[in-house]
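Student: Residue numbering for the sequence shown follows my numbering, starting at 1099 and increasing by one per position.
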Amino acid sequence: MSSYSPSSSLAAATAQPPPSTRSPRLRSKKTAVELFDDWLEATESRDAADVLGLLSSNITEGCTVEDLEQFFQRSRNTFTYPEMRVKDVFVAARDPDRAFMTMELAGEPQPGEQGVRDAYLAAIPYPIIREDGLWRMLLQFPVVGEGCLFVGSSSRVTPAPADSATPSP
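(1) Would you list the one or two residues that DSSP bridges to Phe-1188?
(2) Between Val-1249 and Asp-1186, what straight-line distance do the alpha-carbon atoms span, to the nearest angstrom?
(3) Label Ser-1143 either buried or exposed according to how many other C-beta atoms from any shown protein chain fall within 10 Å of its C-beta, with 16 as the threshold for buried.
(4) Would Ala-1197 and Ile-1226 qualify as a contact pair, given that the criterion is a beta-carbon distance under 7 Å?
(5) Please report the straight-line C-alpha distance between Pro-1194 and Gln-1212, rounded to a whole angstrom.
(6) So what's Ile-1226 in DSSP terms, helix, strand or just coil?
(7) Could you give the residue range of the beta strand (DSSP E) that holds Ser-1234?
(8) When the Cβ atoms of the stretch 1227–1235 are set against those of the stretch 1127–1144, are three or more pairs found closer than 8 Å?
(9) Quick check on Ser-1155: buried or exposed, where buried means 16 or more other Cβ atoms within 10 Å of its Cβ?
(10) Short of 7 Å in beta carbon distance, which residues of its chain neighbour Ala-1204, apart from the five on each side in sequence? Order them along the chain.
(11) CA-CA distance, Thr-1141 and Arg-1174?
(12) Rounded to the nearest angstrom, how far is the Cβ of Ala-1220 from that of Met-1199, given a contact under 8 Å?
(13) One question on the structure: do Gly-1245 and Gly-1151 come within less than 7 Å of each other, judged by their Cβ atoms?
(14) List the whole-angstrom C-beta distance separating Ala-1146 from Phe-1170, where the pair is believed to meet the contact cut-off of C-beta under 8 Å.
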């Protein structure tokens, strides 16, 4: 029969696991930080090939570099971020190839509406997925039909005149 000793329980609770047990968690955070740093660099420079290369297959299977280049030309303020960094990485317990990153602002939010936007961008979780051994950004948007999320419907469809779309009395 073993006896309870507060000092032995404390030692067991604070003992560090062997390095081989700790490293997957540390590697995940380091890899996620590197992914996000690459993402910030690619989106800031608006390099369509690099951005597409950092996205998961749910986007890359339907989009081309040209689609993303056109998107960047139309949408000047998309994929702009405040100064923020990865705070934590949470890997799914049942699927080690899925995770999400939480962020924190590197400084104080700007005043006014921009500050609200900055705080929101830092507060939302950023899902990532490991595909072919690499972590990628997982954008999850509802897309109706086939094609690329970044190609607006206005660029492929000619709008009908307003008066033909509304029945007359």
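Backbone N, C-alpha and C fix where the C-beta goes; we use that ideal spot for every residue, glycine too. Computed from a prediction, not measured in an experiment: that's the story for all the values here.
Tutor: In this structure, then:
(1) Counting from one through the sequence shown, the residue named residue 1188 turns up at place 90. Phe-1188 is bridged to Phe-1198.
(2) As a working note, residue 1249 is residue 151 in the sequence shown. As a working note, residue 1186 is residue 88 in the sequence shown. Near 32 Å, if we compare the C-alpha coordinates of Asp-1186 and Val-1249.
(3) The count along the sequence shown starts at 1 and reaches residue 1143 at position 45. Label assigned to Ser-1143: exposed.
(4) Translated into positions along the sequence shown, residue 1197 becomes position 99. Translated into positions along the sequence shown, residue 1226 becomes position 128. In this structure, Ala-1197 places its C-beta atom within 7 Å of the C-beta atom of Ile-1226.
(5) Within the sequence shown, numbered from 1, the residue matching residue 1194 stands at position 96. Within the sequence shown, numbered from 1, the residue matching residue 1212 stands at position 114. A direct Cα-Cα distance of roughly 35 Å separates Pro-1194 from Gln-1212.
(6) The residue labelled residue 1226 in the question sits at position 128 within the sequence shown. Strand at Ile-1226.
(7) Start at 1 with the first residue of the sequence shown, and residue 1234 comes out as number 136. Here the sequence assigns Arg to residue 1234, which means Ser is not the residue at that position. Taken as a continuous stretch (DSSP letters only), the beta strand (DSSP E) holding Arg-1234 covers 1232–1235.
(8) Contact between the stretch 1227–1235 and the stretch 1127–1144 is present, because at least three Cβ pairs lie under 8 Å.
(9) Translated into positions along the sequence shown, residue 1155 becomes position 57. Sixteen is the threshold: since fewer than 16 other Cβ atoms of the shown chains lie within 10 Å of the Cβ of Ser-1155, the residue is exposed.
(10) One-based indexing of the sequence shown puts residue 1204 at position 106. For Ala-1204, where only same-chain residues beyond five positions count, the Cβ hits under 7 Å are Glu-1181, Met-1182 and Arg-1183.
(11) As a working mapping, residue 1141 is identified with position 43 in the sequence shown. As a working mapping, residue 1174 is identified with position 76 in the sequence shown. Looking at the two C-alpha atoms, the distance is approximately 11 Å.
(12) Translated into the one-based positions of the sequence shown, residue 1220 becomes position 122. Translated into the one-based positions of the sequence shown, residue 1199 becomes position 101. Actually they are not in contact, since the Cβ atoms of Ala-1220 and Met-1199 sit about 11 Å apart, beyond 8 Å.
(13) Taking the sequence shown and counting its residues from 1, the one referred to as residue 1245 is at position 147. Taking the sequence shown and counting its residues from 1, the one referred to as residue 1151 is at position 53. Between Gly-1245 and Gly-1151, the C-beta gap is not smaller than 7 Å, which leaves the two residues out of contact.
(14) Position 48 of the sequence shown, counted from the first residue, corresponds to residue 1146. Position 72 of the sequence shown, counted from the first residue, corresponds to residue 1170. That belief holds up - the Cβ atoms of Ala-1146 and Phe-1170 are roughly 6 Å apart, short of 8 Å.
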